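First the structure, in the form of structure tokens, and then the observations on it.
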Amino acid sequence: MDLAQRAVVRQWHGHRRAVNRLALFEQTGVIASGSRDGTVMLWRDQGPGALGLGGWGGGLSAGGQVGVLKGHELTINALAASTVNAGCLFSGSRDWTVRLWDVEREQEIAQNKIHRNVVSFAAAVPAEPFVLQVVRVRC
335 MDLAQRAVVR QWHGHRRAVN RLALFEQTGV IASGSRDGTV MLWRDQGPGA LGLGGWGGGL
395 SAGGQVGVLK GHELTINALA ASTVNAGCLF SGSRDWTVRL WDVEREQEIA QNKIHRNVVS
455 FAAAVPAEPF VLQVVRVRC
């Protein structure tokens with residue numbers, strides 16, 4: 335959305351259900367969207383004023399949807415782009431997992447299951463290989 339013009343600049347379609355979270359990879363201009371459909375989609379805008387500032391090459395150089403990360407069983411509630419590795423993304427879900435992804439290869443690197451707790455928020459720690467996560471504790 336262009337705030338100065340108060341106009342929608344671009345719309346992308348791909349998720350089957352509502353989008354809950356967004357994360358921006360500032361170094362590459364890739365945007366990740368997490369949805370109630372349990373997927374994370376990767377997007378790149380190559381239009382006027384595009385966010386793309388370089389990239390990883392390969393499929394991530396095209397405009398529009400450039401990838402899909404599949405593995406979560408329920409709604410994506412949390413996304414955080416790594417501040418240490420420009421190609422890594424953390425995602426958290428109602429399926430009680432936090433996953434680490436290699437975005438370029440569209441592959442899961444690691445998974446942590448948090449017994450009986452829904453992950454509701456995640457944030458990458460600046461200049462550290464960590465992610466903070468907030469969970470809703472069930473008694």
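Last residue of the sequence shown: 473 in my numbering, with the numbers rising by one and none dropped.
Beta carbons are placed, not taken as given, at the ideal position from N, Cα and C, and that holds for glycine.
Small disclaimer: the values here were computed from a predicted structure and weren't measured.
- Per DSSP, the beta-bridge partners of residue 353 are 369.
- Annotation: residue 417 to residue 358 spans about 11 Å, alpha carbon to alpha carbon.
- Residue 398 is positioned such that its CB atom lies no closer than 8 Å to that of residue 440.
- Pairing residue 433 with residue 406 gives a Cβ-Cβ distance under 8 Å.
- Residue 445: member of the beta strand (DSSP E) spanning 441-447, first to last residue.
- For residue 430, the closest C-alpha among the options 422, 423, 419 and 410 is that of 410.
- Distance from the CA of residue 426 to the CA of residue 338, rounded to the nearest whole angstrom, comes to 33 Å.
- Per the C-alpha coordinates, the member of 377, 435, 448 and 372 positioned closest to residue 344 is 377.
- For residue 426, the enclosing beta strand (DSSP E) has its first and last residue at 422-427.
- DSSP lists 377 as the beta-bridge partner residues of residue 399.
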